[in-house]
Amino acid sequence: TVDGIANTGYERSYRIDLPRANSGWQIRVRRLTENKNNNKTADVSRIESITEIVDAKLRYPNTALLFVQFDSTLFDGRTPTVTVKAKGLVIRVPSNYDPVERTYSGSWDGTFKWAWSNNPAWIFYDLVLNKRYGLGKRISSDQVDKWTLYQIGQYCDAPVSDGAGGKEARYLCDLYISQRTDAWTVLMDLANIFRGMISWSNNLLSVDADMPREMDPDFVFNKSNIVGSFTFSSTSERTNYSAAIVTYSNPQNNYQDDQASVYSQEVADRFGFNTIELSRIGCTRESEAQRHGAYAIETNRDDNGVEFKTGMEGRIPRVGKVIGINNAPMAGRQNGGRVAAVSGKRITLDRAVAAKAGDTLIINLPDGKSQGRKVHSVQDRIVTVEQEYNPAPQAEAGWILDQSDLAIQQFRVKRVVNNNDGTVTINGLPYNPNKFPRVDDGAVIEDRPVTVVPPRGQEAPDDITISSLYRVSQGIGITTLVATWSPVKNAIAYEMQWRQNNGDWINLPRTGNTRFEVDGIYTGRYVVRVRAINAQDIASVWEISKETELTGKSGAPLPPLALATRSLVHGVQVSWEFPTGSGDTLRTELQYSKNQDGSAPMPLSDVAYPGKSYQQMGRSREMPAEWPEF
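Residues are numbered in my numbering as their position in the sequence shown, beginning at 1, plus a constant of 1118.
The structure is reproduced here in structure tokens:
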């Protein structure tokens, strides 16, 4: 019963425990007094709502609950926004893996345990096999290459520099998947965290990552086991990026998006300044974002892709695998062919090769993989290796030779297309194992040569600049011409010339430096020209600088000192000295006159500096005694 007077609306709730029923209940609420609706009283009664309450014990499956109690006065009566940093799901990880220390003990037997981990390889594996939020209803564990994922997981956990003097795991995955998305897109995004490539073929999900390998290429190709020829292609210079801006989630800023930048001066010098912008999911460290940016720059600088057709053996290398090729026209050496016969360590090839001890002979084996062995000796077509192949190669198997002065070209398979005519088209991207130390540690490792063909031409130097500097040496002021230019690819030396005021070109000694200096110059207009020389002694065209006005000494050179003559048998010797500050002398000009007063002189000889004597032999008695003049 409700009885009383109120100036505003009044609400009251009751809890009614209902008896058990099979078909529901009917509820009646009755007012005992009549409604009095007039200009003084408004007492209409109504039922606002009826709520059914079910008392049950629930465990909230697959749900995380958070209870927070606080004083509302701390927030001026407003409801605050609560953010949570949660570890997330417990997933499958290898049984020999410690996800806290990120270490692997002993050999893995292929079994799993449940633990929390943010290793992207095992998050990928869990998402594929989970039946509630993944693809577990469509894909079984037998259809996933867990052994390759094990190697990828170890690569993700490997310690690298954090840029602050410490170490950290190479790649982590810290993310929330908050909405339903196309499954293949999600898997591609997750694989992209560890630079992975995924493919579905033969009812199997294959995963590979772009990471260092301690093995030979998965398969090799040469002119003998392809159809037609290799086709190479390169991208526009605009896609050869020299700078990268990477967006990541910054934990120091409440996991809001932040940016890290990476720049390569070497690539900028070659291709110009081009920027790529990346957004990395699951990345919460600036150092990791910088590694992703450096990887993008290093990968795009190697842009010489390959495409070719081959027989059905082209179905063996899957997407993500590494293949080796020998393209004789480009390499300049026929280092590939087919095996003619095999007898233990003795491999008879289809042709004689310029192999030597220490080279590596790589052969496609019957199990669908290639294998390399060190060469022990070579006799015409017979190559003896240090260790037998396992399994033994068969006749007609493809082979290529990897040498110290001529490396094989390696490519990562991007696409394999069945042409339905007995041929397969393979498309590959360059694989450069030297980029990984550059990305992780900034180490500079020179790439091995993939061709022995000498360049047909040599590029000329560029950006020749002329300047001057002034210095005091032993109390004498000296003005020096300084010429500089940029290093030229394949150049081992440079030849230089200079001239003043449209005079003759003056040669300078050949050098490997990219600058030269000329001391004691005079005021005038100077021009420099330089050409590059490569290892085959091929010279480029001359590159000429802009004419530059320099201020140096002015006037004629100082005259020589202590001029003297000395009689010789049927000859005379003339000697002289140079005054202080005459180090810029080019030559000394000698003249003679048949007249006693030295009039009407005639040229006798030029003596290059720093020579300061001259002998004239075969002189007769009739020749005048006074003849030399400067």
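Just so it is clear, CB atoms sit at the ideal spot from N, CA and C, and this is done for glycine as well.
#1: Got a sec? Which residues, its chain only, sit under 8 Å from R1331 by beta carbon, not counting five neighbours each side?
#2: Taking A1386 and T1569 to be in contact with their CB atoms under 8 Å, please state how far apart those CB atoms are, rounded to whole angstroms.
#3: Would you mind giving the Cβ-Cβ distance between G1546 and V1531, rounded to the nearest angstrom? I have them listed as a contact below 8 Å.
#4: Mind checking whether V1606 and P1627 have CB atoms under 8 Å apart?
#5: Here's the rule I'm using: 16 or more other beta-carbon atoms within 10 Å means buried, otherwise exposed. How should K1175 be labelled?
#6: Enumerated in chain order, which unbroken segments of the beta strand (DSSP E) with a length of 3 residues or greater are wholly contained in the segment 1290 to 1373?
#7: Thinking L1795 and A1301 are a contact (beta carbons under 8 Å), I'd like their distance in whole angstroms, please.
#8: Looking at I1480 and V1338, is the spacing between their C-beta atoms short of 8 Å?
#9: Out of T1159, R1556 and F1529, which one is the CA nearest neighbour of T1349?
#10: With H, G and I counted as helix, E and B as strand and the rest as coil, what does DSSP make of F1748?
#11: Using three-state DSSP, classify T1191 as helix, strand or coil.
#12: In the DSSP assignment, what residue or residues form a beta bridge with G1252?
#13: In terms of residue numbering, what span does the beta strand (DSSP E) encompassing M1614 cover?
#14: Quick check on V1542: does DSSP put it in helix, strand or coil?
#15: Could you pull the start and end residues of the alpha helix (DSSP H) that I1656 belongs to?
#16: In angstroms, rounded to a whole number, what distance separates the CA positions of E1395 and Y1359?
#17: With a cut-off of 8 Å on the beta carbons, I'd call P1511 and V1460 a contact; round off their distance for me.
#18: Note down, in chain order, each residue of its chain lying with its Cβ closer than 7 Å to the Cβ of S1495, except the 5 sequence neighbours on either side.
#19: Apply the 10 Å Cβ neighbour rule to Q1144 and answer buried if 16 or more other Cβ atoms are within range, or exposed otherwise.
#20: Per DSSP, I1662 is paired with what?
#21: Could you give the uninterrupted runs of the beta strand (DSSP E) lying entirely in the segment 1696 to 1725, keeping only those of 3 residues or more?
#22: Mapping the DSSP letters down to three states, classify P1742 as helix, strand or coil.
#23: Could you have a look at A1587 and say whether DSSP puts it in helix, strand or coil?
#24: Within this structure, are the beta carbons of L1519 and A1458 separated by less than 8 Å?
#25: Which one or two residues does DSSP pair with W1234 in a beta bridge?
#26: From this set, D1715, P1447, R1617 and L1467, which residue's C-alpha is nearest G1455's C-alpha?
#27: State the Cα-Cα distance for the pair A1653 and Q1576, rounded to the nearest angstrom.
#28: In whole angstroms, what is the alpha-carbon distance linking R1356 and T1417?
#29: Do the segment 1536 to 1543 and the segment 1402 to 1411 meet, that is, are 3 or more Cβ pairs less than 8 Å apart?
#30: Please name the residue in Q1452, I1500 and P1555 whose C-alpha comes closest to that of L1524.
#31: For the beta strand (DSSP E) that contains L1679, what are its first and last residues?
#32: What is the DSSP secondary structure of R1133, counted as helix, strand or coil?
#33: Any idea what DSSP makes of Q1734, helix, strand or coil?
#34: Mind pulling the alpha helix (DSSP H) runs of 4 or more residues that sit fully within the segment 1445 to 1531?
#35: Classify H1688 as buried or exposed, calling it buried when 16 or more other Cβ atoms lie within 10 Å of its own Cβ.
#36: What first and last residue would you give for the beta strand (DSSP E) that runs through D1637?
Straight from the coordinates:
#1: These residues qualify, in order along the chain: V1440 and P1551.
#2: Not a contact, Cβ separation roughly 25 Å.
#3: With a Cβ gap of about 5 Å, G1546 and V1531 count as contacting.
#4: no
#5: Counting the other Cβ atoms within 10 Å of the Cβ of K1175 gives fewer than 16, which makes it exposed.
#6: 1314 to 1319, 1322 to 1327, 1337 to 1340, 1345 to 1351 and 1361 to 1368
#7: The displayed coordinates of the chain run from 1119 to 1748. Any statement about residue 1795 would go beyond what the structure contains.
#8: A contact, by the Cβ cut-off of 8 Å.
#9: T1349 has its Cα closest to that of F1529, out of T1159, R1556 and F1529.
#10: In this prediction, F1748 has a pLDDT of 40, which is less than 50 and means its spatial position is unreliable; what the coordinates show is noted afterwards. Coil at F1748, not helix or strand.
#11: helix
#12: G1252 is not bridged to any residue.
#13: Residues A1609 to Q1618.
#14: strand
#15: That residue, I1656, is in no alpha helix (DSSP H); it is neither H nor E in DSSP.
#16: 10 Å
#17: Between P1511 and V1460, the beta carbon gap of about 5 Å places them in contact (Cβ cut-off 8 Å).
#18: A1475 and T1502
#19: exposed
#20: R1647
#21: Listed in chain order, they are 1705 to 1710.
#22: Unreliable positioning characterises P1742 in this predicted model, as indicated by a pLDDT of 48, which lies under 50. The coordinate reading is nonetheless provided below. Coil, per DSSP.
#23: Rather than Ala, the amino acid found at residue 1587 in this sequence is Leu. Note: L1587 maps to strand in three-state DSSP.
#24: no
#25: V1208
#26: L1467
#27: 10 Å
#28: When rounded, the distance between both Cα atoms is 14 Å.
#29: no
#30: Q1452
#31: L1679 to L1686
#32: DSSP places R1133 in coil when its eight states are reduced to three.
#33: Q1734 falls in the strand class under three-state DSSP.
#34: 1446 to 1449
#35: Counting Cβ neighbours within 10 Å, H1688 comes out exposed, since fewer than 16 surround it.
#36: R1633 to D1637 is the extent of the beta strand (DSSP E) around D1637.
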